[in-house]
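Q: Questions regarding the structure given below will be posed in turn.
Number of protein chains: 2
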Amino acid sequence: MKLSTKGRYGLRALIDLARYSESEAVPICSIASRQGISERYLEQLMALLKKAGLVKSIRGASGGYVLARKAEEISVGDVLRALEGSLEPVKCAAFYSEEGCAASDSCVTKYVWQKINESINETVDKMMLDELVKESKALNPCGSFEGSVCGS
Amino acid sequence: MKLSTKGRYGLRALIDLARYSESEAVPICSIASRQGISERYLEQLMALLKKAGLVKSIRGASGGYVLARKAEEISVGDVLRALEGSLEPVKCAAFYSEEGCAASDSCVTKYVWQKINESINETVDKMMLDELVKESKALNPCGSFEGSVCGS
DNA sequence: AGAAATCCTAGTAAAATGCTGGGGATTATA
DNA sequence: TATAATCCCCAGCATTTTACTAGGATTTCT
């Protein structure tokens, strides 16, 4: 039941992006340096977030990323699902069709997995990005290196 | 955020054990055959459940396993934590001591992980084994092979 | 004694994770 | 128009984790 680095790094990156992309597009390198994440790896995470419609990219010099929606309309759940895939703890779809419900008790545990899934989703879907940005500002008011230079 | 086979098999196995161990100790081979799990692998799962104090073992011929507590006193959370370790999605203990809170925003995400952790634990801690046994009986009343022979 | 069990430890193939690297396409800016 | 700063795409690869399998020792009932 562990979240991979995709989810961990990606959420941090998106909070960072939300915080610094108000005035202009933020390039990967500046998020990466602030957050201590490899640029190449972060690239791949941003691709996932883009595919999910959470960020928009602007190509070319002085390009970068911006949020595709307002921060108050992006939930932690949106972000984590974009990065990790479904958050359900066990996939038991196509269980009936393939094996005809082989183990009788599996249906019982299915109910358990559904409950866990629901509770996770409820929790992450009611936490919105703007709240986290606010907290981030409160915890670290200065904002490490506004408009940080990249190719250093 | 996936549960491993340890958690999936192990919970099924313990529901099975709870159901069939009322009159006598249940050997691994009979749980394994009913649930379609490798005996050798199940052995290891039972060792984890024993270490956690959820089951007791009886060695020697006509031995096997029984619950260490009543089924209504064992929660799904107890079982899953015994098998999977902590269910928290991210471990950020020893974060301050080692890296001195390297990334400023990590503290923000820490709050997120805590919330997820709480909701998972709340959910699994209020589902008790006896409820699942009841459901199992309702879904599969006959009980596949009462006192099933093993070395067949 | 013999069979039926649990116990303990080690090995191991396959999959997933967490990156790194090369090179191309696009676009602002000098 | 050149150049540099970006995003974009895909491939490779080392490490870790998972999900077992295997061998053998120990205990205890019959």
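Line by line, the protein sequences are chains P and X. Count along the first sequence from 1, then add 1; that gives the number in our numbering. Count along the second sequence from 1, then add 1; that gives the number in our numbering. Even for Gly, the Cβ is constructed at its ideal location relative to N, Cα and C. In this text the structure is predicted, and so the values were computed from the model without any measurement.
Does DSSP put P:S78 in a helix, in a strand, or in coil?
A: Note on identity: in this sequence residue 78 of chain P is Gly, with Ser being the wrong assignment. DSSP places P:G78 in helix when its eight states are reduced to three.
Q: Which first and last residues belong to the beta strand (DSSP E) in which P:L46 is found?
A: Taken as a continuous stretch (DSSP letters only), P:L46 belongs to no beta strand (DSSP E), being part of the alpha helix (DSSP H) at 40-52.
Q: Spell out the partners DSSP gives X:S58 in its beta bridges.
A: According to DSSP, X:S58 bridges with X:Y66.
Q: Does DSSP put X:V113 in a helix, in a strand, or in coil?
A: Helix, per DSSP.
Q: Count the other C-beta atoms from every protein chain shown that fall within 10 angstroms of the C-beta of X:I75, then say buried if there are 16 or more, exposed otherwise.
A: With 16 or more other Cβ atoms within 10 Å, it is buried.
Q: My understanding is that P:V109 touches X:L130, with C-beta atoms under 8 Å, so please give their C-beta distance in whole angstroms.
A: Rounded, the Cβ-Cβ distance is 10 Å, inconsistent with contact.
Q: Which whole-angstrom value describes the C-beta separation of P:N118 and P:G78, a residue pair presumed to lie in contact below a C-beta threshold of 8 Å?
A: Actually they are not in contact, since the Cβ atoms of P:N118 and P:G78 sit about 11 Å apart, beyond 8 Å.
Q: Tell me, please, whether the CB atom of P:M128 is closer than 8 Å to any CB atom in chain X?
A: P:M128 counts as touching chain X.
Q: Compare the C-beta of X:E136 with all C-beta atoms of chain P and state if any pair is closer than 8 Å.
A: Chain P contact via Cβ: present.
Q: Can you tell me whether X:V91 is helix, strand or coil according to DSSP?
A: Residue state, collapsed to three classes: coil.
Q: Find the nearest neighbour of X:D17 within the set X:G64, X:I38, X:I59, judged by alpha-carbon distance.
A: Checked all of X:G64, X:I38, X:I59; the closest Cα to X:D17 is X:I38.
Q: So, with DSSP's three-state summary, where would you put P:S134?
A: Residue 134 of chain P is actually Val in this sequence, not Ser. Helix at P:V134.
Q: Does the beta-carbon of X:T6 have 16 or more other beta-carbons within 10 angstroms, so that it is buried, or is it exposed?
A: By the neighbour-count rule (16 or more Cβ atoms within 10 Å), X:T6 is not buried but exposed.
Q: What is the DSSP secondary structure of X:V27, counted as helix, strand or coil?
A: Strand.
Q: Between P:M47 and the rest of its own chain, which residues show a CB-CB distance below 7 Å, the 5 nearest in sequence each way excluded?
A: For P:M47, where only same-chain residues beyond five positions count, the Cβ hits under 7 Å are I29, V56, Y66.
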